[in-house]
Amino acid sequence: MVDIDRTITAQAADLAAVIERATSDLALGEEAGSFLVALEEGARDD
Amino acid sequence: MTDVLTEWTVVSLAEAIRTRRVSPVEVTRACLDRIARLDARQRSFITVDAEGALGTARVLEREVAAGRVRGPLHGVPLAFKDLCHVPPLPTSCGTRTREYFLGSAPCTAVTRLAAAGAITLGKLNMTELALGPFGENPHHGDVQNPWRPGHVSGGSSSGSGAAVAAGFAFGALGSDTGGSIRLPAACCGIVGLKATYGRVSRAGAMPLSWSLDHIGPLARTVRDTAVLLGVIAGHDPLDATTSHRAVPDYAGALDAPLGTIRVGVPENYYFDRLAPEASRAVHDGLGVMQTCGAKVEPIHVPDPEVMSACSNVLARAESAAIHVRVTKDRPHELQDTVRLRIEVGYRISAYDYLQAQRLRARLARAFIADVLDRVDVLVVPTIPEPAPSYDAAKAGSAEERVQRMGGFSRLTRPFNGLGLPALSIPCGFSMDGRPLGLQIVGRPFAERTLLRLGHAYEQAAGWVARRPAGE
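Read top to bottom, the protein sequences are chains A and B. Position 15, counted from 1, in the first sequence is what the working numbering calls 15; the numbers after and before it change by one each time, with no gaps. If you want the working numbering, it's the 1-based position in the second sequence plus 46.
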């Protein structure tokens, strides 16, 4: 059980580290809700 | 009638019913007989609704006799992953609780299929809470691969893949949060489509991750997949993420000339650490696509590992919030791997969750600009190896199994985070007869392009004619 707990904590920490590195230069205007807009803007005539 | 079940398609059966060459009651009985005869071993279904299916078939038979056809699926028997709320049937979501999910409204996708004339055969087996790419289920039985019993069917829509491949149903619905439609489609030698995020409503289906969940079709051919998508796609007021874009005629576009299509083949990530036969099958497939007019070129894609971490943050945090009652009150009911994956979500901060949401939008924009402004589609493998045996999939500690699960879904998961449409289609077999699959991935809402290339490839490659040995 202790091992499982350690694994869970380690996995969460690893994910947090990747997110921290990848988001260091996010601009103020980059909103959490803009993903759907990105998809709509990325579409072309199919 | 066995020939009807194993050789006919959604499209050919619907035509035969419309012209009264086949009766909806006759074909439904044949499906139910086949399920009764073979599914005790295969474990595709959790609930078979024989009475309901035959009742609907009789109504549809009377209608067609009177000259009324509801839609393109009139009289076609389908089945649905057991996370779709289809009253009055129970929805276990692969858990041991018979009625785990009580949707506030019936599953929109199922309702649309029924309105188009489909018959509901029942609810299909799945991995517990849709967490797991292989198809094991301790409560409802491990779904057997129709091509090779003892081997995984792929998951989490395990019953959806196996039931269609085995000729129990002509098509199925699955859900896909990290590959759960495409993995069973590839393992079972059929077609599976995860459309663009927002193209198909998820209303009335158990959520696993609001940001990454997709509902979509599995079928034996690309044309059948196009017909099913055409019925279920489109805005739904019950799912705020659905797009208001018009739904094109997917099936009608398949026979138009393909023209020149630019196919990108990633130089990085997607062909790393593949079983040689999986890699060879995709490259052979690319050769066939060239004969269909595709212009194939190598391309470097942004590192999918960043998007993978981003998706994991979203999936873990959201699944922890959604399934908090079972994980906190009845954790002993869940498989250790399911518990382990959900528990990570309780350790993720609100800060990391929001940063992942912001990052996701940036990564999607970058991927479209860097890759899909240069080529029309990407072609990549669906599975890194043919379906492994259950013995191999289940070996080791919970941590080792979770790691193995991540490895098996590593080629499908990035496209959930990116929200891009991805079509999995059979591209051959291993030396010992296990199916292999490739994905065609395109711009947002470019499902028609994917289906057109997939159809042209399917016709030229000929894998679609193969069926598992069955009985």
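Just so it is clear, CB atoms sit at the ideal spot from N, CA and C, and this is done for glycine as well.
Listed by position along chain A, the residues whose Cβ is nearer than 8 Å to that of P152 (chain B) form an empty set, because the closest Cβ is around 25 Å away.
E174 (chain B): not part of any alpha helix (DSSP H); DSSP gives it neither H nor E. Put simply, of B:D259, B:P283 and B:V237 the residue whose alpha carbon is nearest the alpha carbon of Y243 (chain B) is B:D259.
In this structure, DSSP gives S435 (chain B) an extended state, which the three-state scheme calls strand. Bounds of the beta strand (DSSP E) holding R308 (chain B) are I307 to P312. For G101 (chain B), the uninterrupted alpha helix (DSSP H) run begins and ends at A96 to A111, by DSSP. Between the alpha carbons of A43 (chain A) and R245 (chain B) lies a gap of roughly 12 Å. Residue nearest to A155 (chain B) within the set B:S247, B:T166, B:G101 and B:L170 is B:S247 (criterion: CA-CA distance). DSSP, read as helix, strand or coil, puts T141 (chain B) in coil. With respect to the C-alpha of A212 (chain B), the residue from B:G163, B:A286, B:E53 and B:V359 having the closest C-alpha is B:E53.
When DSSP assignments are scanned along the region 220-259 of chain B, the uninterrupted stretches of alpha helix (DSSP H) that are 4 or more residues long and fall wholly within it turn out to be 228-234. L28 (chain A) counts as exposed, since fewer than 16 other beta carbons sit within 10 angstroms of its beta carbon. When Cβ-Cβ separations below 7 Å define contact, E72 (chain B) makes no contact with chain A. For Q381 (chain B), no alpha helix (DSSP H) run applies, since DSSP gives it neither H nor E. V37 (chain A) and T495 (chain B) have their C-alpha atoms spaced approximately 21 Å apart. Under a 10 Å Cβ-count criterion, Q403 (chain B) is classified as buried, with 16 or more other Cβ atoms of the shown protein chains found around its own Cβ. When secondary structure is reduced to three states using DSSP, I92 (chain B) falls in the strand class. Positions of the beta strand (DSSP E) runs, each at least 3 residues long and wholly inside the region 291-352 of chain B, are given as 307-312 and 340-345 in order along the chain.
Within chain A, the residues placing a beta-carbon under 9 Å from that of T287 (chain B) are L36, ordered along the chain.
The bridge partners DSSP lists for R194 (chain B) are B:N191.
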